[in-house]
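Written out below as structure tokens is the structure these notes cover.
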Amino acid sequence: MREVAPTGAGGWGRWSILVVIGFGLVVGGAPLLVGPPGGDDAYYHAMRAQQHAHCWLGGVALPRWYPDLNAGLGGPEARAYPLVPLSIHAALALAANDGVAATSLATVLIAVLAGCTMLRMGLRRGVRPGWAAVAAVAWSASPYLVIALHERVSLAEGWGLAILPWVLDVSLPPRPASRRETAEAALAWAVLLATQLPLSVMACAVVAAFQLARPERGRLARVIAAGVLGAGLSAISWLPNVAALGRTASNLHMEGAFNFAGHFLPGGLAGDPLLGRQLLLALAGAAAAGLALAGFDRGATRGLGVAAVAAALMVTPLASPLYRHLPGLALLQFPWRWIGVAACLATLAALRSARRGLRAVAIGLLLLPLAGVSWTRWRLAPGAPLRPGDSGGAVARAAVRYGVPPILPSFPAYLPRGVDLPESLAAAARARELVTAVGRPSPDRFEFRCDPSAGGAVSLPLLAADGWDVTVDGRRVGWANERGLITIGVAPGAHRVVARQTLLAEDVAGIALSLAGVAGLILLAWRRRPGPPAPGAAADETGPVPRRPTSW
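In this text, residue positions in the sequence shown follow my numbering: the first is 1356, and each later residue adds one.
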């Protein structure tokens, strides 16, 4: 039975919002009192925030090339990374004038957003504000999300987990039940697809399982339409992301430390046993909560509990055959990503349960592993900020506080295929002796002067990658990849060489599909105003429409 908020609960609803926001500020912000995030991916997020904001300042609205990477040779890292986190973090870097501060602000905002999303979902489902707030607090402080924010600093995954309750709420049966709900579901999927692709795949699997377990032709058609429209809306992000897997050294994403086979729990993460123990605790909490709700509740709550247990099993070696034989599943890299999905499903089940005691036990099981989670293990020491307006050299020197070489390096898997970075850096030193940069380069346009006495091959100090358009004295020329650098052939004498980064076919296709998706969303959400009532219609026939019972 659904627990409906009593009349006059508006005041409690406002208080619940304040409580959830306040708690999110504590969860996301308390570790910042020790220092900014300095864990696994902290540097890459700070670097992307600074570089993306730098491109914006240079007049590039949709950056696909970061000019200061790799000692000024640049890199295509933006092309392989989702657009929503890049844009949010760039905006935060501009607001704070520091890419490091952007990562700190993101950890706070993600925790707040996660709580508010779960709270809104509960209130919209008619749950009492007090219990909705408890579930929201439990989700914003869920152990896996805390680990993702403060130890792994996996901010894209954090943003995705924060909106996951919204995605599931609008996609699980009996929704979407109307054109308007289909439009909302499409928007939710578009945001998730432009935030993190692995989480999108996992969420799609969950929704598909629920929809197929209770098939209804009209609803299946609506949820498929929402998915297709959401994919179209977000094509500007995911289409270049997927294409980049073929253009860059993406095999590194599934080799060595990124091979899924070494990350099943228990037993995975031998190189970081503390993180392994913390993830195992988070898994145990989510699985225990799901088991309790699946075993002692009924109906929709039981279904969500079973789904939480199934997601937890995907973290274990029992799921190894699926990873080996289902195409694309290995790209998830880390099976323990499913812990976040399991925790979300268990929180939704607890929120949906009508048994208060069981609900409290489930939320307690979800949060109990927090006792074993380290919030401040990796903190960044004080140092120079990564300002968006600084030159590449200044930003590279500031990045040394992260323990990286002062060349502002790219993530190796995002380097163009066939490029050996040490070799390219050595070749660049010789190239800079033969060509001279002219003026202040923009983020995607570079001009050089060269004057070879005998003519022949000339290399530019730019990393060779798809998307370069090169002109010599205003005439477009072809180029080759020599030792990882753009190399052209010129005649003897002085020449003006201009290299521009242009949009690739997948970028243009993504933009076109997204524009078409916006048009489709407007058409789907637009509703014709009802005409005047027919003559003689009874006045009491237009009373309030009763609310449709909700379930998952």
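Beta carbons are placed, not taken as given, at the ideal position from N, Cα and C, and that holds for glycine.
8 Å Cβ shell around residue i - same chain, five flanking residues per side excluded
{"i": "Arg-1692", "result": "Glu-1512, Pro-1553, Leu-1554, Met-1557"}
{"i": "Leu-1785", "result": "In the sequence on display, residue 1785 carries Arg and not Leu. Taken in chain order, the residues that qualify are Ser-1814."}
{"i": "Pro-1761", "result": "Ala-1751, Arg-1752, Ala-1754, Val-1755"}
{"i": "Thr-1550", "result": "Pro-1437, Val-1439, Pro-1440, Ala-1511, Trp-1514, Gly-1515, Ile-1518"}
{"i": "His-1407", "result": "Pro-1418, Tyr-1421, Ala-1433, Leu-1441, Ser-1442, His-1444, Ala-1445, Ala-1448"}
{"i": "Ile-1718", "result": "Val-1489, Ala-1490, Ala-1493, Ala-1644, Thr-1702, Ala-1705"}
{"i": "Cys-1805", "result": "Leu-1789, Val-1790, Thr-1791, Val-1813, Val-1845, Ala-1849, His-1850, Val-1852"}
{"i": "Gln-1633", "result": "Pro-1498, Ile-1502, Glu-1506, Pro-1724, Gly-1727, Val-1728, Ser-1729"}
Rounded straight-line distance, which links the Cα of residue j to that of residue i
{"i": "Leu-1387", "j": "Ala-1753", "result": "19 Å"}
{"i": "Arg-1419", "j": "Phe-1651", "result": "51 Å"}
{"i": "Pro-1628", "j": "Leu-1780", "result": "36 Å"}
{"i": "Gly-1573", "j": "Ile-1579", "result": "10 Å"}
{"i": "Gly-1429", "j": "Ile-1843", "result": "18 Å"}
{"i": "Ser-1442", "j": "Arg-1787", "result": "33 Å"}
{"i": "Ala-1757", "j": "Cys-1410", "result": "Here residue 1757 turns out to be Tyr, not Ala, going by the sequence shown. One C-alpha to the other measures close to 22 Å."}
{"i": "Gly-1414", "j": "Cys-1471", "result": "34 Å"}
{"i": "Tyr-1436", "j": "Leu-1677", "result": "26 Å"}
{"i": "Tyr-1499", "j": "Ala-1854", "result": "45 Å"}
{"i": "Asn-1452", "j": "Leu-1412", "result": "12 Å"}
{"i": "Val-1489", "j": "Leu-1474", "result": "9 Å"}
{"i": "Ala-1792", "j": "Arg-1530", "result": "58 Å"}
{"i": "Arg-1434", "j": "Arg-1714", "result": "44 Å"}
{"i": "Val-1568", "j": "Cys-1559", "result": "Note that residue 1568 is Ala in the sequence shown, not Val. Rounded to whole angstroms, Ala-1568 to Cys-1559 spans 14 Å at the Cα level."}
{"i": "Ala-1564", "j": "Val-1525", "result": "15 Å"}
{"i": "Leu-1575", "j": "Glu-1778", "result": "53 Å"}
{"i": "Pro-1807", "j": "Tyr-1399", "result": "39 Å"}
{"i": "Pro-1737", "j": "Glu-1506", "result": "18 Å"}
{"i": "Leu-1673", "j": "Pro-1796", "result": "53 Å"}
{"i": "Ala-1426", "j": "Pro-1621", "result": "41 Å"}
{"i": "Leu-1638", "j": "Pro-1484", "result": "28 Å"}
{"i": "Ala-1809", "j": "Ala-1846", "result": "7 Å"}
{"i": "Gly-1683", "j": "Gly-1829", "result": "44 Å"}
{"i": "Val-1759", "j": "Ala-1457", "result": "19 Å"}
{"i": "Ala-1469", "j": "Cys-1699", "result": "10 Å"}
{"i": "Val-1583", "j": "Gly-1794", "result": "46 Å"}
Close Cβ partners of residue i (< 7 Å) along its chain, the five nearest in sequence each way excluded
{"i": "Val-1664", "result": "Ala-1642, Gly-1645, Leu-1646, Ala-1649"}
{"i": "Leu-1373", "result": "none"}
{"i": "Glu-1861", "result": "Leu-1594, Pro-1595, Ala-1598"}
{"i": "Arg-1710", "result": "Asp-1652"}
{"i": "Arg-1707", "result": "Ala-1655, Thr-1656, Leu-1659, Trp-1907"}
{"i": "Arg-1838", "result": "Glu-1778, Ser-1779, Ala-1782"}
Whether residue i touches residue j by CB criterion (8 Å)
{"i": "Gly-1379", "j": "Val-1439", "result": "no"}
{"i": "Trp-1834", "j": "Gln-1856", "result": "no"}
{"i": "Leu-1876", "j": "Leu-1548", "result": "no"}
{"i": "Ala-1685", "j": "Phe-1619", "result": "no"}
{"i": "Leu-1725", "j": "Val-1501", "result": "yes"}
{"i": "Arg-1772", "j": "Arg-1602", "result": "yes"}
{"i": "Leu-1840", "j": "Leu-1859", "result": "no"}
{"i": "Leu-1542", "j": "Pro-1743", "result": "no"}
{"i": "Leu-1735", "j": "Gly-1393", "result": "yes"}
{"i": "Val-1455", "j": "Pro-1740", "result": "yes"}
{"i": "Leu-1868", "j": "Ala-1590", "result": "yes"}
{"i": "Leu-1636", "j": "Gly-1695", "result": "no"}
{"i": "Ala-1581", "j": "Trp-1521", "result": "no"}
{"i": "Leu-1424", "j": "Ser-1746", "result": "no"}
Buried versus exposed call for residue i [16 or more other C-beta atoms within 10 Å across all chains shown]
{"i": "Asp-1775", "result": "exposed"}
{"i": "Arg-1884", "result": "At Arg-1884, the pLDDT of 49 sits below 50, so the modelled position is not reliable; the number obtained from the coordinates is stated separately. Classification for Arg-1884: exposed."}
{"i": "Gly-1848", "result": "exposed"}
{"i": "Leu-1681", "result": "exposed"}
{"i": "Trp-1494", "result": "buried"}
{"i": "Arg-1831", "result": "exposed"}
{"i": "Arg-1851", "result": "exposed"}
{"i": "Gly-1515", "result": "buried"}
{"i": "Pro-1528", "result": "buried"}
{"i": "Val-1562", "result": "buried"}
{"i": "Gly-1383", "result": "buried"}
{"i": "Glu-1910", "result": "Residue numbering for the chain in the displayed model covers 1356 to 1907; residue 1910 lies beyond these limits and cannot be assessed."}
{"i": "Trp-1486", "result": "buried"}
Same chain, Cβ closer than 6 Å to residue i, five either side skipped, listed in chain order
{"i": "Ser-1509", "result": "Asp-1396, Ala-1503"}
{"i": "Ala-1697", "result": "Ala-1641, Ala-1663, Ala-1666, Ala-1667"}
{"i": "Thr-1731", "result": "Pro-1386, Val-1389"}
{"i": "Gly-1660", "result": "Gly-1645, Leu-1648, Ala-1649, Ala-1704"}
{"i": "Arg-1657", "result": "Ala-1649"}
{"i": "Pro-1798", "result": "Cys-1410, Gly-1413, Val-1415, Pro-1422"}
{"i": "Arg-1826", "result": "A small correction: the amino acid at residue 1826 is Thr; Arg does not occupy that position in the sequence shown. For Thr-1826, where only same-chain residues beyond five positions count, the Cβ hits under 6 Å are Val-1853."}
Cβ of residue i within 8 Å of any chain C Cβ
{"i": "Ser-1797", "result": "This model lacks chain C altogether, as it is built from one protein chain only."}
Checklist line | Inside the segment 1528-1575 only - alpha helix (DSSP H) runs reaching at least 4 residues | finding: Complete alpha helix (DSSP H) runs here, min 4: 1534-1548, 1552-1568.
Check: Which full runs of the alpha helix (DSSP H) of 4+ residues lie inside the segment 1775-1851, going along the chain?
Finding: Along the length of the segment 1775-1851, whole alpha helix (DSSP H) runs at least 4 residues long occupy 1776-1789, reported in chain order.
Notebook entry, point to check: For the segment 1646-1682, which segments carrying the alpha helix (DSSP H) assignment without a break, of at least 4 residues, lie completely within its bounds, in sequence order?
Noted result: Fully enclosed alpha helix (DSSP H) runs of 4 or longer: 1654-1668, 1675-1680.
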